[in-house]
Structures are given as structure tokens and as C-alpha cells.
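Shown next, in C-alpha cells, is the structure this report addresses.
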Amino acid sequence: MGFSLSWVAVKTENQDAVLETLGFTATTETDEYFESDLAGVALRDDWYLVVGQGSNNLIIAKESLAELSRIGMAIACSVEEHVMASSAECWFAGEKRWQVTHNAQESRMNLTAEGQLPARFETLKVQYLADQAEDGGESADVDHVFEVPLALASTLVGFKHDEDCSDVFANGLPVVLSGSHESEATFTFEIKKPWWKFW
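Per my numbering, the very first residue in the sequence shown carries number 51; after that it's consecutive.
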């Protein structure tokens, strides 16, 4: 069973501002593997990470990211392993600065990028596209290109959803977050179609 989740990390020493903006409160219940609907944790280098279930969670809606990015730089990822779609984006001062997406429904080699991308992007792009080509390109049983957005975000924040990142936790394990808008798996605005949704 594959992952379907969203995460956002905000560069700030004020994690309370992040939680307040999203309408969440931290509980005392730990969630080491991000299995709850929502969890948060302080990371090294003054990042505060929020992970939510579902690849279109409200935490990465453009309205949320615009507000969060007024607190500090915000890096967000969407992960949908069931259809091998992934994205990473950076927001700052209320505006999206760059975005990278992969959608295997279009092509195993699909990779779109816009904005002023980090220098590391080109290296990752070349590496993973070469790996995909070496393993058979479109006919390969693996999807290396899916990793590009996620690896790029990881180089900035230090977190990747499918790796042990406990060494970047700054003050103990992640904790479950609660909020007044809580539903079974996601928080939703009235959004007709999320920007990342390809199908």
C-alpha cells in the first residue's frame, strides 16, 4: 500500500504561528511515523513540519501556503504513490516562487518545473531521468522521476516521507495535531480542483 500524504515545512522559530495559521493545536500524543491524520514536529535549522494524510490536504492548499509563507519560507510536498504523482513547491512572502511536479499518468518521464528553481534541481533531474532511461524508460517497472520533487524538497528541509528522518527532529518525536475543522483525513476549503490534481 502506497503513501498518500501532504506536508509543509515553514522556516521559523515560531511554531505557534504555524499552528495558529492552520487552526491546529499540538497534543501530547506522539506520532513517530506520521500515521495520524495530522502531526507536527520541529526540525533542525528552524523548520516546523506539518504532515497530513491525503495528497490534497488543506495544509498545502494555495490559501494555506500563501498565509504560511508570510511567517517564513514554506516548502510543501504532495505524495500520491497510488498513481505515482508528486510535487514540491516553495512559497515566500505570500507568493509561489517555484514548483516541480511529476505525473506518471502522463508519462514515466514526465517532469514539469516553473519559477526560480534551486541549483540542486538540475543535478537531481539529470540523475533521476538517467536512472529511468537506464531501467527502461516508459516500460520500466519503477518510477525514478517520481523522486525528483521529493528529493529536491528534502535537500532544503531534511525530511522525506519514506526515509528515517529522526536525526532531523529538533525537540523529540512528532506529536498529533488537532483542529476545529477536523474531518476523517483532511481539512477542506471549497476548492473545485486542487492545482496539483492531474486526473
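Glycine included, each C-beta is placed from N, C-alpha and C at the ideal position.
The beta-carbon distance between Lys61 and Met123, rounded to whole angstroms, is 4 angstroms. This is short enough to meet the 8 angstroms contact definition. Closest in C-alpha terms to Ile125, from the list Asp181, His132, Glu131 and Lys112, comes Lys112.
Residue range Ser54 to Lys61 is occupied by the beta strand (DSSP E) that includes Ala59. With contact defined as three or more Cβ pairs closer than 8 angstroms, the region 130-143 and the region 105-121 are in contact. For Val198, the secondary structure class from DSSP, reduced to helix, strand or coil, is helix. Asn221 sits exposed, since fewer than 16 C-beta atoms from the chains shown fall within 10 Å of its C-beta.
Here DSSP, grouped into helix, strand and coil, assigns Phe142 to strand. When DSSP assignments are scanned along the region 83-156, the uninterrupted stretches of alpha helix (DSSP H) that are 4 or more residues long and fall wholly within it turn out to be 112-118. Annotation for Phe74: no alpha helix (DSSP H) segment contains it, though the beta strand (DSSP E) segment containing it runs Phe74 to Thr80. Under the three-state reduction of DSSP, Ala67 is assigned to helix.
Leu227 has Ala76 as its beta-bridge partners, per DSSP.
For Ala163, the enclosing beta strand (DSSP E) begins and ends at Thr162 to Gly165.
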